[in-house]
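S.K.: I have a structure here, written as structure tokens, and I will follow up with some questions on it.
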Amino acid sequence: MVVNKKGASAVVPITMPGAKGVSKEVVIGKVEGTPEYSMRIFTVQVGGNTPFHGHPYDHVNYIVAGKGMVVSEAGETPVEAGDSVLVLPDELHQYKNVGDSPFVFICMVKKDFE
């Protein structure tokens, strides 16, 4: 069993083109020896957003704090703490902070894509 304490993992800014005010923390991943999945925490600052992008793998998100907007080719859907999101492989998507506090979500992916 591996237990990581809060603050034990590096918080890294997302520098992908189109990202604004976004950071990622891999709290359980390859370093910890995960056999299949990695857990990441994304924080989107007030007024920030991830890029509108897609990739060849799925991911599952759980909203921890704040208010956000999930954008897809089908439109925009508001999300808040307690909501969950499934993004399918190659689905274009974006997360925006539309609140007045940080928008934080957990993102689970296969370890090869952490």
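Each number in our numbering corresponds to the 1-based position in the sequence shown with 20 added. Every residue, glycine too, gets a C-beta built ideally from N, C-alpha and C. For clarity, every value in this text was computed on a predicted model and none was experimentally measured.
If you draw a straight line from the alpha carbon of E111 to that of E93, how long is it in whole angstroms?
M.R.: Mapped onto the sequence shown, residue 111 falls at position 91. Mapped onto the sequence shown, residue 93 falls at position 73. Going from the Cα of E111 to the Cα of E93 covers about 8 Å.
S.K.: What residues in its chain sit with their C-beta under 8 Å from that of V118, if we drop five residues either side in the sequence?
M.R.: If you number the sequence shown from 1, residue 118 lands on position 98. Short of 8 Å from the beta carbon of V118, and not among the five residues preceding or following it, lie these beta carbons of its own chain, in chain order: K87, G88, M89, P98.
S.K.: Mind checking V63: buried by the 16 CB within 10 Å criterion, or exposed?
M.R.: The residue you call residue 63 lines up with position 43 of the sequence shown. Checking the sequence shown, residue 63 turns out to be Thr, not Val. Around the beta carbon of T63, 16 or more other beta carbons sit within 10 angstroms, so the residue counts as buried.
S.K.: For Y115, count the other beta carbons within 10 Å of its own beta carbon; 16 or more makes it buried, fewer makes it exposed. Which is it?
M.R.: Mapped onto the sequence shown, residue 115 falls at position 95. Under this definition Y115 is a buried residue.
S.K.: I'd like to check one pair, M36 with P71: are the Cβ atoms closer than 7 Å?
M.R.: Within the sequence shown, residue 71 is the residue found at index 51, counting from 1. Within the sequence shown, residue 36 is the residue found at index 16, counting from 1. Yes; because the gap between Cβ atoms is below 7 Å, this pair is in contact.
S.K.: CB of P109 to nearest heavy atom of the ligand ATP: below 6 Å?
M.R.: In terms of ligand content, the structure shown is empty, and the ligand ATP therefore cannot be addressed.
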